[in-house]
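Chains as they are written, first to last, in this note's numbering: chain A, 1 to 154; chain B, 1001 to 1154. Using N, Cα and C, we set each Cβ at its ideal position, and we do this for glycine too. Model, not experiment: these values are computed from the prediction. Written out below as structure tokens is the structure these notes cover.
What follows is the structure, encoded as structure tokens:
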């Protein structure tokens, strides 16, 4: 995202298509070995015998793929002030070779009453695989500067 | 966690102290450069001018530090079946040199009615900094095999 967007520039109902990317077995195993070493994320044989029937990606890798896509196509780094937290669902396993498509829909935009320099952009972000199944979904609040912030001390 | 623990082996009220670890500026910048490149995570000068007044870690790094600690001291990799999702709060910025202490408290343990081989361990996990401030908190459900699973097809 190269244009400057303030909180008010995000509109309820607005949709951001974030493109797609394929996840490889090597990426899955490397990430999980470092951060989330469950047998069904890192060991092909153990994974085959597990309830998942084969390697699956760490759910945290889906989170980071989503945030990476959001940085490219939704979050304005010049006005973003982060987030107070998050809730999300891991709905389906992500497997080697899956092609994940990202999408964000703006649900609500609200300017802080106590700090008018801040705006809260509630959005629903999803990753969908090549079968059309949503594998990851989050409803979250992204905080951005408002245009009012231009005229106030941050 | 080296002992095998089934869902029933986790007890409501049980506390797991997960130890502490210090996060460095280099780790913060490297992680965020790759996964969450906000100026206040990766650029010391931009961070100093931001509302955070200096570099802060990506909240996603806190998530991964927490899950790493949970792997060592809470999650049994032989019985864990992952999680359906998560909610969490990033309560305070994490800064270079912060020492984060992990802790998990088991809140509820429930065996699935429809799939008695599965148990749901609701827990509250936190990271606390050297000032005693909780910086990250999550209430989540971890799924583990039950002892009943020993006698059933998974």
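Looking at the structure shown, is residue 1014 of chain B part of a helix, part of a strand, or coil, going by DSSP? coil
Taking its Cβ as the centre, do 16 or more other Cβ atoms sit within 10 Å of residue 103 of chain A, making it buried, or is it exposed? buried
Between the region 103-120 of chain A and the region 1024-1031 of chain B, can you find at least three pairs of beta-carbon atoms closer than 8 Å? no
Would you please verify whether the beta carbon of residue 66 of chain A is less than 8 Å from any beta carbon of chain B? no
Nearest-angstrom Cα separation, counted from residue 42 of chain A out to residue 84 of chain A: 31 Å
Using DSSP's beta-bridge definition, name the partner residues of residue 60 of chain A. According to DSSP, residue 60 of chain A bridges with nothing at all.
Cα-Cα separation, residue 1017 of chain B to residue 1057 of chain B: 23 Å
Beta-carbon within less than 6 Å of residue 39 of chain A's beta-carbon, same chain only, minus the 5 sequence neighbours each way: which residues are those? 46
Determine whether the beta carbon atoms of residue 121 of chain A and residue 144 of chain A lie at a separation below 8 Å. yes
State yes or no: is the beta carbon of residue 1072 of chain B nearer than 8 Å to at least one beta carbon in chain A? no
With a cut-off of 8 Å, does the C-beta of residue 127 of chain A fall near any C-beta of chain B? no
Exposure label - residue 1033 of chain B; buried when at least 16 CB within 10 Å: exposed
For residue 134 of chain A, collect the residues of the same chain with a Cβ closer than 8 Å to its Cβ; drop the 5 residues on either side in sequence, then sort them by chain order. 91, 92, 126, 127, 128
By the three-class DSSP mapping on this structure, what secondary structure does residue 1070 of chain B have? helix
Residue burial classification, residue 44 of chain A (beta-carbon count within 10 angstroms, cutoff 16): exposed
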